[in-house]
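For what it's worth, this note's numbering labels the leading residue of the sequence shown as 7, then goes sequentially. Some notes on the structure that comes next.
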Amino acid sequence: MSLSYPVHLYLDGRRVLVAGAGAVATRKIERLVETAADVHVVAKAASPEVQAFARMGRLTLHERAVEDTDVTGAFLVLAATDDAAVNERLGRAARRAGALVSRADDQHDSDFTVPALARGKVVEATISTFGRAPSASRRLGRELRRWMASGVDRFVSEVADVRVALEGRHDARARLRALGDGELFDACVRGE
């Protein structure tokens, strides 16, 4: 398998189909609803969290078996049922419809994987094990969040504020590079 191309997608208003609503699918759905995507979940049974999102109007929930026609109009399809044959069938249907597919049960039959996420106030970073070890990705994500909280988020905030202040100056790029490469990072991590 070749290397992936990391990208952060803006899904606002784009249709995303999630097949399944168990523990794995719920983690993916929780992040999808934050993006303002048009999330459609099809599952025979949904977790309490997914049902709550549906009641709040944050997603559309269909409690039934997923059908190939559910992929119509989808930009992304996340196949996370507990049936490999259903996930495979849905993946084929989604690709025929022009959607990108992620199968929770088969990284080799996926167009993308969903990485672990570490999000601060102004920094967002992801960790991927290329779908080979999701539990390791989650742990690394927690460690990265802890590291970001140690001052990394503040460092980025400080640099962003200076960038705004220097806007339009002829020496802005050089000054920002010097600031980024200088002692500011270490001072923020030390809490200074």
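Every residue gets a Cβ at the ideal spot worked out from N, C-alpha and C, and that includes glycine.
Under 8 Å between C-beta atoms of residue i and residue j
i           : j           : result
residue 85  : residue 60  : no
residue 178 : residue 185 : no
residue 207 : residue 67  : Residue 207 lies beyond the residue range present for the chain, which begins at 7 and ends at 198; the question has no answer from this structure.
residue 141 : residue 195 : no
residue 45  : residue 83  : no
residue 124 : residue 144 : no
residue 50  : residue 120 : no
residue 169 : residue 190 : no
residue 131 : residue 105 : no
residue 122 : residue 146 : yes
residue 41  : residue 23  : no
DSSP-derived helix/strand/coil call for residue i
i           : result
residue 43  : coil
residue 23  : strand
residue 175 : coil
residue 196 : coil
residue 15  : coil
residue 32  : helix
residue 99  : helix
residue 190 : helix
residue 59  : helix
residue 116 : coil
Strand pairing of residue i, partner residues [DSSP]
i           : result
residue 108 : 84
residue 68  : 48
Residue range of the unbroken alpha helix (DSSP H) whose run includes residue i
i           : result
residue 145 : 140-153
residue 172 : 159-172
residue 125 : Taken as a continuous stretch (DSSP letters only), residue 125 belongs to no alpha helix (DSSP H), being part of the beta strand (DSSP E) at 122-125.
residue 73  : Note, residue 73: premise wrong, no alpha helix (DSSP H); not H, not E.
Cβ neighbours of residue i in the same chain (closer than 7 Å, five flanking residues each side left out)
i          : result
residue 72 : 25, 48, 87, 92 and 96
residue 52 : 27, 67 and 69
First and last residue of the uninterrupted beta strand (DSSP E) at residue i
i           : result
residue 131 : 130-133
Own chain residues within Cβ distance below 6 Å of residue i, not counting five before or after
i          : result
residue 43 : 17, 20 and 22
Cβ-based neighbour list, residue i, same chain, cut-off 8 Å, excluding 5 preceding and 5 following
i           : result
residue 160 : 194
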